[in-house]
Each structure stands twice: as C-alpha cells, then as structure tokens.
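These notes are about the structure you will find just below.
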Ligand code: ANZ
Ligand code: ZN
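Residue numbers (my numbering): 78 to 946.
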C-alpha cells in the first residue's frame, strides 16, 4: 500500500462524484447551525478559467471547507457574470449567437471548476443572462424608479467609440474605456441613471464600519466619493452679465484665501459663458476647443490650462474697489460646485499656472511656519501647506481652520439682494451612475416610450422584457434598435403605438446584487427576505483589487437601494473583504523578439545557469522578467493542463503555499513539481502510519516520545486554525510541511510503545483534517486509508488539547496539612489562582480533604503548594 503512487487523476474524479452523489455541499436555508457565507467574485464566462481563478477559488474553498468542518452552515455558491461585450464581439467575428457562445463557455468553465474539487452548492448556480435572473433585475429597476432611485436625464456622457456604447465615470480609466482601451469622447444623450449620490454621505461614513476590509480599498472608495466641505459665495458683477445676472456664485473649499483672489474662472459650459458666446465667435471657438479635450477629470488634469478673458469684472466681497477679471477657463467643470470659482494663484497650482500664462497677480495669503512675511514669495509652485493667514485684513494671524470659520461666518451673515452672500455646502465628487448601454447582450431596461405619455414603466405583470433571439450583427450599432418588430408595442398607459427602450443595463448592474440572489436563487421575487436577511452580509468576500471602486461601490449602493425598496434588511453587503494578489510568471522571448509561451520552451541548467530553448528547434530563448500572466505576453499557463498533469490538489496546494495571499504569486514548474512531491509524500506517510500504528484504545498515560508527537500535533492544529481564520494560507502550509517532517522522523525511529503509536495515529488523523481544506481529494483518500468509513468532508474539526500547548511546565509537590499527597504539573508561568485551582482539583488532594473546605492555600511559586484544612 505505502509504496503505491497516489493517482490524483483517478482519485479526484472518484471523490468529486461521491461528494456530488451525496449532496455533501448542498446548503439548506433552514439549517439551524450558525451561518457562514463565503463568496468569491463570480467569473465572466470567457470560455476557459485562468490561473487567477484557480487562486481565487482555492482560497475561498479553504475557508468554506474549514468553516464547514467547524460546524457552520456554509453558503458557498457559484454563478456567471454572463452579459457583456465579448459575447457580441464573438457574434460579430464568428457568426455565433451571443447566447449560444455564452452558455457553451459556461458549460466548459463549469467542468473546469468542478475538476478543481470546489465545495460549491451547484444547485444555486445561475447566470446573469438567465431570463429568470434578469426578470428579477427588471423588477428591482422598477422599484428603484418608484422610489426615486432611478431616473432619466439628458447628460453629457462618456462615449466609447470602439465598443460604441456609453461608459460610467468609474469605467473611464485615464481617459480610456476600461474594456476597449479607446480614448473616450463626450456625447450628449438621454440616459437612465441610478441615484448613487443619494447615499454619498452614508457610503462614505459607513466605510468606518467595514473593519474587515483592506484599508487601501476603503481609502480608494473614500477618495472616489470625494467629500469636500466648502462655501458657496456670491460675487457682485461690476456691471450685469449679458444674461442679466447681477451676481456670480462660486464654490470654494478655501474661503480663507479670499484675500488672495486675483481672477474668477467660469466653466466653458457656464450659463454666463453661453450667453456671452452667442455673439462672440472667438469665445465660441474657444468653448468648442475646450469640449474637444473632454470633461473627464483626467483629461482636464493633464490638458494645458487655457483661458478667455470675458471683459466682465466682479467686486471683491471685502474690498469693493478691487475688481477681479472674469475668465472662461478650460479646467473648470460645469457639474461640480457651481461651475465657477475664484482663483487664488498663490495657493492653487492650476490657478498659478493660469496666472503665469495670462499675467495675473499672485498674492500669497498663507504664510508657512517660520517664513518671513516680508520676503515670502511664490515662484513656480503654489504653497498648499499649513500656515498662518497674512495680507488678509481681519483674518491676519489666524490659522487656516479658524480663518475659514471666521470668513464663512461673516459671509453667511451678509446679504446681496436678499440672499445670504455665503452658504456652507458639502460637495461630493461622486456622480450618479449612468446605466444605459447601447448594446444587445444585457438586461433590457423595462420602459416603453410613448409620444403622449413619455417613458412608461412596463407593468409588473408584463415582465420579463425578454431579449429577442432573432437578431443580426452584420452592422455596427445596437441590434435591438434595428430589430423589425421587437421595439414596437402599445403604450401600457394609453394603448397608442409606442416603442420600447432599446438600451440595456450596464453589466455592472448584474453583479451588484447577485450575492443576494444566491440566498434564494429560485425565488419568484428578487429576494426571499427571510433567506436574504438570514445569510447576509457575506462573511468573507474574496476577489481582485481591480474592483475596489467599480463593483464594490455599486454593490454597496445596491444594498442600500434594495433596503430602501424592502428587498433586504441591511446596507453593507460584505462584512469581510479580501483582495488577493495576482498570478505571475516568467516571460520568454525568441531570437526574433516574439513572445513565446512556457509550453513552447524547455529550461535546462547549463553550467549552473538557467537557460531556455525552443522545444521546436532548440534555438535559444531569452528569459525575461516576471509579469502578471497575460495573453499579450504569452506567459500564461493553462489550468486545465496543470489539473490534468498534476491534479487539482497539487495546483491548489502550490497556489496557497508560496506567498502571502494578498501578494503576487509566481507560478513556476519547479514549484508545481515540489507541491506534487509533497502530495505523494503525505500519501506515503499516511500509508506507513496506517500500517505501523493501527487504531487502538487511547492509553491512560503518555510517555515522553508520545507526548512530543502530541505536542507537535496539537500546536500545529492550534496554529493552523488561527492561520486559516486570518486567511494566512501560506503560513498554514508551512506548518503542515513542518508537521510532516516531524511525523516522518518519529516514524523512522520506529515507535516501540503503544502510546507513541497511538499518538502517531492521532497525528495522522489531525494532519489529514488540516490538509483537507487545501487538498480535499488527497485528504478523503488518506482518511479512508486510516480506516474511517465516514466522509471527511462531513466530519467535524478535531479539538485542540490546550494542556499540550503549554510551552514550559513545572512539577511541584502538593501538601495537605504538611503531608505530601500529590504532584502537580502545570505551566511554569501559571498564575497563583490557576495553581490553586489545579491543586485542589487533583483527586488525591480532594480525597485527603474528605469533603472539608480548605482554610488556606499557600502557593510558593514553582516550588510547593500547601493546603491547610
Ligand atoms: C478658491 C481656492 C483657493 C480653491 C485655493 C482651492 C485652493 P475639491 O477639494 O475637489 O472640492 N473648484 C470649485 N469648483 C470647481 C469646478 N467646477 N471645477 C474645477 N475646480 C473647481 O476642490 C474645491 C476647489 O476646487 C475649490 O476651492 C475651487 O478652488 C475649485 F488656494 O476656491 B478653490
Ligand atoms: Zn401613452
């Protein structure tokens, strides 16, 4: 037995079938045990899993299997984020229907995931493109609409010219579409929005409650929401503006710098700008020029600062003699604050660049600590740090915060034309989420447009609005829009001919509530309240940090909106979040500079140096840097190859072993081989122990050899428990390597005594329990070799004997009334009261007390215990 090789392929398929046949991982909502919901971000069905999936799902599975063993009712579901562009691209390129393409991909990826031996409840599986799922999503949309959390407006939007669709702000990264990488353009379109700004302050403040989220993710969300506290201030025009305005309202977060104001800035889209531009072709041209750069923050940040002097002037609020020129400036956004600013070049870099270009004054008003007010000047760089206000009349000498407060108070108490001159205001950078996409493969927005009634919600009884299947992709644009009949319907309100909304929802909508749907995936409403509230929040969510803003913020919005519309009872969907690192690999280049894949090369050791050659023709290959696995660099390894050659357990073990889970892991062939050898080694060790140390009765006492084995075992168990609880998988793995070494040595000594054999046997059982979350198939196989006729996956976790964790013990005599009655072995550092309690608990002591209560117990630490009766 022990000499046989472990046949992972055969064993893994066999155990997977046994698990499935016995419904081992089916989760019952009515199970009374405490719940634990572990979820990994569900995959997009691209067709094949990649190593990143293997790592992500292996981690989640360790947690799921561990928590199950610890007696929790574990929910560990899987599904498919199945709508989106790639299916349409495939349809255009290969003439396959997006639906067929998607479901075929799901079928093959499901098989791949199943071969990893993941402990998933497949009964709860769904794809977001299932009609049953998006029907419920349409209901949510209508409920949000009713609650004022969804609305339609004309807006400037980010237009991706490659994917030919609109993108949300979150989906524009450095001015480019997150998926296509195309430079995003601005267009004016009527769009549906989710009112994420309704929850801006709550989304921000509640970040503090997410104490099991990585700090970096919370910080990214905080910055994205971008709260700023400031003041709206009215400036009086010296002469009315062409649109009749007599005041200009600006927003500032630095009212303390008001005396440093040297000009005013208007957005190119500001109403005053528009009025002026009407009969000023030069300004018109300037405005159009600004539009060309786009209005995304990134585009504006990087563009050269440009302005246009309008000739208008405003009065300084505290010095009416001082007139400030009004410029149209390309760096001012219309949809932030009021679309107008006062500029203080001394303390704002953009303003300083602008002032330099147009020869405007720079008046410093914040003096850094230790600087001399007489010679402090601003040159190339604006001073944005702390300091004391100067050159500022009644604010002189105040620190920034106090100056802000003082000037705000004064402006608040003054009025211009009956209105207060200053109004405090909190602003957020966060914008409402535009969800309309001009694509076919998405969830239809359940709205009908009627010339007479406007946009009319599709009545609940008429849901779902199903995607038509007979569509064509021969032309660019939205196939729904050009379908012959689909959009032509009667208006639900007046019955006249009307047309359906042909936009579909952003696919990020689909992934914003799937975690709630898993709690009752077959319910005829979006959620089953009892199930959702019973399971949520997700106790441990695991996925990539690339979703730090997009998906995680949208999901937090959805939870709030679903709570507001009665679908769930809580607002934070993910109590614990873990973001895993990436899987990386060496890169290789052929002589002609082309990337070559790991599968195409052979590595050899030549004079102590790793060298690579092409398998095909033996030509040399350059070994390059280690990079994130990507198709473009060809440094990918196909998980199916690994699963077929080494087995799932080896792949899982190696993924968990090499680096801390939050860091990148480098996949190497050598590492995989090492993991494979370890799997074999555990198999041999267990076989040997099963032979040498047959199961028997627990001995009454343990000698030194046995105690040493037991100490190592129980210490490892306690440590692995805490490692897994903290998701320190690599640390758990390291400890298991060590335990296997210890047990191999103990076995090699030949355990002569029954107690040592029993201890080895116990150690083998424990080792297998601990391996099970990571290498579940090997563990089941070993478990049966050890003679158990239960399924390990259905067996509880063993208990740590805490007395064995005690590092250093002392043995002291225990006297009762001056006569030695017993010996006490206890931790050297045990407290007085622990020693006392332990001494009195000894059988011999209790006997000699004959039921009397001791009058006094004297403990001489580490020496003797005297009981006086
Ligand atoms: C005067 C001032 C003086 C400002 C100074 C800054 C420094 P956050 O923190 O992002 O909210 N601002 C206001 N509205 C703007 C708009 N629509 N487009 C571009 N910039 C705008 O930034 C607020 C600051 O950004 C405001 O405070 C305003 O400039 C500018 F030493 O007012 B400040
Ligand atoms: Zn109508």
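A virtual CB, placed ideally from N, CA and C, is assigned to each residue, including glycine.
Taking the alpha-carbon positions, what's the residue 724 to residue 85 distance?
Their Cα atoms are separated by approximately 5 angstroms.
Pick helix, strand or coil for residue 667, following the three-state DSSP scheme.
Here DSSP, grouped into helix, strand and coil, assigns residue 667 to coil.
Can you check whether the CB of residue 806 is closer than 7 angstroms to the CB of residue 733?
Yes, the Cβ-Cβ distance between residue 733 and residue 806 is below 7 angstroms.
What does a CB cutoff of less than 6 angstroms around residue 255 pick up in its chain, not counting 5 residues either side in sequence?
Excluding positions up to five away in sequence, the list reads 248.
Pick from 565, 906, 549 that is closest to residue 542, judged by C-alpha positions
Per the Cα distances, 565.
Assuming residue 797 and residue 812 form a contact by the criterion Cβ under 8 angstroms, report the distance between their Cβ atoms to the nearest whole angstrom.
Between residue 812 and residue 797 the Cβ distance is about 6 angstroms, and since that is below 8 angstroms, they are a contact.
Please report the straight-line C-alpha distance between residue 194 and residue 93, rounded to a whole angstrom.
Put simply, the backbone Cα of residue 194 is about 6 angstroms away from that of residue 93.
Buried/exposed call for residue 515, threshold 16 Cβ in 10 Å
With 16 or more Cβ atoms within 10 Å of its Cβ, residue 515 is classed as buried.
Ordered along the chain, which non-local residues of its own chain (more than five positions away) have a Cβ less than 7 angstroms from that of residue 302?
Once the five neighbours on either side are set aside, the close Cβ partners of residue 302 are 277, 280, 281, 505, 506, 507.
How is the beta strand (DSSP E) around residue 686 delimited, first residue to last?
Counting along the chain, the unbroken beta strand (DSSP E) around residue 686 starts and ends at 686-691.
Could you spell out where the alpha helix (DSSP H) holding residue 130 opens and where it closes?
For residue 130, the uninterrupted alpha helix (DSSP H) segment begins and ends at 128-146.
Is DSSP giving residue 517 helix, strand or coil here?
DSSP places residue 517 in coil when its eight states are reduced to three.
Looking at the structure shown, is residue 940 part of a helix, part of a strand, or coil, going by DSSP?
In the structure shown, residue 940 adopts coil according to DSSP, grouped into three states.
Does the ligand ANZ have even one heavy atom less than 6 angstroms from the beta-carbon of residue 142?
Incorrect: residue 142 has no Cβ contact closer than 6 angstroms to the ligand ANZ.
May I have the straight-line CA-CA distance separating residue 930 from residue 856, to the nearest angstrom?
Each residue's alpha carbon lies about 51 angstroms from the other.
What separation, rounded to the nearest whole angstrom, lies between the Cα atoms of residue 924 and residue 898?
Distance between the alpha carbons of residue 924 and residue 898 is about 9 angstroms.
Alpha helix (DSSP H) segment containing residue 182, residue limits:
Boundaries of the alpha helix (DSSP H) around residue 182: 175-192.
Candidates 551, 679, 707, of which the one nearest residue 696 by Cα
Nearest in C-alpha terms to residue 696, of all of 551, 679, 707, is 679.
Buried or exposed: residue 169, going by 16 or more other Cβ atoms within 10 Å of its Cβ?
Around the CB of residue 169, fewer than 16 other CB atoms lie within 10 Å, so the residue is classed as exposed.
What are the uninterrupted segments assigned as alpha helix (DSSP H) that are 4 or more residues long and contained completely in the segment 251-337, given in chain order?
Complete alpha helix (DSSP H) runs here, min 4: 277-282, 292-302.
Rounded C-alpha distance that separates residue 81 from residue 863
When the Cα atoms are used, residue 81 and residue 863 turn out to be separated by approximately 15 angstroms.
Apart from the five residues on each side of it in sequence, which residues of its chain come closer than 6 angstroms, Cβ to Cβ, to residue 710?
These residues qualify, in order along the chain: 664, 672, 704.
Please classify residue 364: is it buried, with 16 or more other beta-carbons within 10 angstroms of its beta-carbon, or exposed?
With at least 16 other beta carbons inside 10 angstroms of its own, residue 364 counts as buried.
Say the cut is 6 angstroms; is the CB of residue 347 nearer than that to a heavy atom of the ligand ANZ?
Not so, every heavy atom of the ligand ANZ lies at least 6 angstroms from the Cβ.
What's the call for residue 296, buried or exposed, on a 16-neighbour Cβ count within 10 Å?
Per the 10 Å Cβ criterion, exposed.
Report the rounded CA-to-CA distance for residue 524 versus residue 577, giving the unit in angstroms.
Each residue's Cα considered, the two are about 6 angstroms apart.
Where residue 318 falls, given that 16 or more other Cβ within 10 Å makes a residue buried
Buried, by the Cβ-count rule.
Please list the terminal residues of the continuous beta strand (DSSP E) segment that includes residue 396.
396-406 is the span of the beta strand (DSSP E), which, as asked, contains residue 396.
Cutting at 8 angstroms between CB atoms, please list the residues of its own chain near residue 773, excluding the five before and the five after it.
Leaving aside the five residues that flank residue 773 on each side, the residues in its chain whose CB is nearer than 8 angstroms to its CB run, in chain order, 831, 834, 835, 838.
With distances taken from CA atoms, which of 309, 791, 748 is nearest residue 502?
The residue with the shortest Cα to Cα distance from residue 502 is 309.
Burial state of residue 78, where buried means 16 or more other Cβ atoms lie within 10 Å:
For residue 78, the pLDDT reaches just 44, beneath the cut-off of 50, and the residue's location in the model is therefore unreliable, although a value from the coordinates is still provided. Burial check for residue 78: the Cβ neighbour count within 10 Å stays below 16, so the residue is exposed.
On a Cα-Cα basis, can you pick out the residue from 173, 243, 175, 197 that is closest to residue 585?
Considering only alpha carbons, the answer is 243.
Ordered list of beta strand (DSSP E) runs contained in the segment 473-536, each at least 3 residues:
As far as the segment 473-536 is concerned, its whole beta strand (DSSP E) runs of at least 3 residues are 499-505, 524-527, 531-534.
For residue 78, does the three-state DSSP call read helix, strand or coil?
Note that residue 78 has pLDDT 44, beneath the 50 cutoff, so the model's placement of it is unreliable and the number below is only indicative. Three-state DSSP puts residue 78 in coil, outside helix and strand.
Give a single yes or no on whether residue 564 has its beta carbon closer than 6 angstroms to a heavy atom of the ligand ZN.
Closer than 6 angstroms to some heavy atom of the ligand ZN: that does not describe the Cβ of residue 564.
Quick one: using the 10 Å Cβ neighbour count with 16 as the cut-off for buried, is residue 814 buried or exposed?
Its Cβ having fewer than 16 others within 10 Å, residue 814 is exposed.
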